[in-house]
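Enquirer: Chains as they are written, first to last, in my numbering: chain A, 1 to 117; chain B, 1 to 112.
Note that beta-carbon positions come from the ideal geometry of N, C-alpha and C, so glycine has one too.
Everything numeric in this text was worked out from a predicted model, so none of it was measured.
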Amino acid sequence: DSGVTQTPKHLITATGQRVTLRCSPRSGDLSVYWYQQSLDQGLQFLIHYYNGEERAKGNILERFSAQQFPDLHSELNLSSLELGDSALYFCASSVGLAGDSSYNEQFFGPGTRLTVL
Amino acid sequence: GDSVTQMEGPVTLSEEAFLTINCTYTATGYPSLFWYVQYPGEGLQLLLKATKADDKGSNKGFEATYRKETTSFHLEKGSVQVSDSAVYFCALSVKGGNKLVFGAGTILRVKS
Numbered sequence: 001d002s003g004v005t006q007t008p009k010h011l012i013t014a015t016g017q018r019v020t021l022r023c024s025p026r027s028g029d030l031s032v033y034w035y036q037q038s039l040d041q042g043l044q045f046l047i048h049y050y051n052g053e054e055r056a057k058g059n060i061l062e063r064f065s066a067q068q069f070p071d072l073h074s075e076l077n078l079s080s081l082e083l084g085d086s087a088l089y090f091c092a093s094s095v096g097l098a099g100d101s102s103y104n105e106q107f108f109g110p111g112t113r114l115t116v117l
Numbered sequence: 001g002d003s004v005t006q007m008e009g010p011v012t013l014s015e016e017a018f019l020t021i022n023c024t025y026t027a028t029g030y031p032s033l034f035w036y037v038q039y040p041g042e043g044l045q046l047l048l049k050a051t052k053a054d055d056k057g058s059n060k061g062f063e064a065t066y067r068k069e070t071t072s073f074h075l076e077k078g079s080v081q082v083s084d085s086a087v088y089f090c091a092l093s094v095k096g097g098n099k100l101v102f103g104a105g106t107i108l109r110v111k112s
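1) How big is the Cα-Cα spacing for A/PHE64 and B/SER79?
2) Under 8 Å between C-beta atoms, does A/GLY3 make it to chain B?
3) Note down, one range per segment and in chain order, each beta strand (DSSP E) of at least 3 residues found wholly within the region 17 to 84 of chain B.
4) In this structure, what does DSSP give as the bridge partners for B/LYS99?
5) When you compare the CB of A/TYR49 with every CB in chain B, is at least one pair closer than 8 Å?
6) Kindly indicate if chain B contains any beta-carbon less than 8 Å away from that of A/ASN59.
7) Quick one: Cα of A/ARG22 to Cα of B/GLU42, how far?
8) Counting only Cβ pairs nearer than 7 Å, list the residues of chain B close to A/GLN106.
9) On a Cα-Cα basis, can you pick out the residue from A/ILE47, A/SER24 and A/THR7 that is closest to A/GLU62?
10) Is the beta carbon of A/ALA92 sitting closer than 8 Å to the one on A/TYR49?
11) So what does B/LEU13 bridge to, in DSSP terms?
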């Protein structure tokens with residue numbers, strides 16, 4: 001158990017709908033990352049938040065947005081869903097930010113499996 | 001841009017066989033390198049890491065050496081077990097960067 005929790009575990013919805021995925025980082029971790037794992041794109045970085053502020057964006061669609069709240073949990077909002085958005089969405093957390101010569105180990109949650117029908 | 005290439009699977013081995021999963025990378029500067037493992041139905045777990053050239057990461061009998069000259073970080077294990085069946089991901093993080101860049105993943109199946 002990594003200490004990172006994600007809800008829900010599974011989500012089935014229809015095209016055009018909107019869903020919210022939730023992530024609670026490990027106690028004390030200030031950074032939250034979202035990744036998407038799909039069969040055709042593999043594991044891709046979506047977005048990174050640190051202490052409530054957006055720090056980096058990856059291949060995140062405009063239909064997707066995220067935020068990190070004062071209690072440090074994060075939500076990923078996916079709207080106008082398409083069939084191709086079906087994927088496993090992972091959240092990861094780390095203590096802080098990587099410095100110029102260091103790396104912050106990321107701990108992954110179990111993921112939310114989204115199925116768009 | 002930064003990228004990771006790892007050997008395609010699935011790799012199917014008998015128990016106690018030797019394992020090698022190849023991984024090469026392209027990155028600006030000196031990245032940190034990682035192997036993550038994903039067991040069926042679970043999230044990713046860090047298996048091992050190396051943060052500078054010639055470092056050897058090791059854990060649970062798995063090893064990988066950071067080779068700057070060949071830009072490689074191949075995963076090896078001397079004797080695999082059925083319980084090692086999983087998907088293995090090679091990944092990198094650029095110094096000062098915070099995101100992980102993953103390879104496509106390699107499925108390992110170990111038969112008893």
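Expert: Once the coordinates are examined:
1) Rounded to the nearest whole angstrom, the C-alpha separation of A/PHE64 and B/SER79 is 44 Å.
2) no
3) 19 to 21, 23 to 26, 31 to 38, 44 to 50, 56 to 59, 62 to 65 and 75 to 77
4) Beta-bridge pairing links B/LYS99 to no other residue.
5) With 8 Å as the cut-off, A/TYR49 does not count as an interface residue toward chain B.
6) Interface annotation, A/ASN59: not in contact with chain B, CB-CB separation never under 8 Å.
7) 17 Å
8) Within chain B, the residues near A/GLN106 are LEU100.
9) The candidate whose alpha carbon is nearest that of A/GLU62 is A/ILE47.
10) no
11) The partner list for B/LEU13 (beta bridge, DSSP) reads B/VAL110.
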